[in-house]
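Residue numbers (the UniProt record's numbering): 1 to 190.
Using N, Cα and C, we set each Cβ at its ideal position, and we do this for glycine too.
What follows is a set of notes on a single structure, which appears directly below.
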């Protein structure tokens, strides 16, 4: 049975790093994993979307619309833009922060007022919290992605994987302990 995960955010939020750590963890647990990234002007806060599929045998890296078991969202509007990927009873892990896209900044568009409510209506279960504030409490906003990763690990029941080892082997040494703390903060939020 294949599980489907979609990670969505904007450039600079660590979406791809979180995707890669999740992929490494799933591979270490013996799953066949396929991952695909889509970058849209990611250097300028454009959309970053990662499709990740795992199971006994996975044949395609792309999550079909309506089949994502879980969406991990780094920004509210990016989740709303991709909510059609979520299956009927799917789970959403949402960082409740907003970044205005260029259309909003130019005055051409309006940022939707009730994004969290719209996401909640479309999801089977919603974990919504401000992971950016939690990261600031740890002293580094950049670990927001690891907090979200901890949340998705717990909600997907993947705690048995040795995530500390994965962080030790894939994160710069001076940030290892901070990332381990961030992962635990995320797990405790679920």
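Classified as buried, residue 69 has 16 or more neighbouring CB atoms from the shown chains inside 10 Å of its CB. Residue 140 sits in coil when the DSSP states are folded into three classes, being neither helix nor strand. In this structure, the alpha-carbon of residue 123 lies about 12 Å from that of residue 82. DSSP, read as helix, strand or coil, puts residue 109 in coil. Taking the C-beta atoms as reference points, residue 148 is found no nearer than 9 Å to residue 91. Only exposed fits residue 64, as fewer than 16 other CB atoms lie within 10 angstroms of its CB.
Around the Cβ of residue 131, a 10 Å sphere holds 16 or more other Cβ atoms; the residue is buried. For residue 36, there is no enclosing alpha helix (DSSP H); the residue is found in the beta strand (DSSP E) stretching over 32-39.
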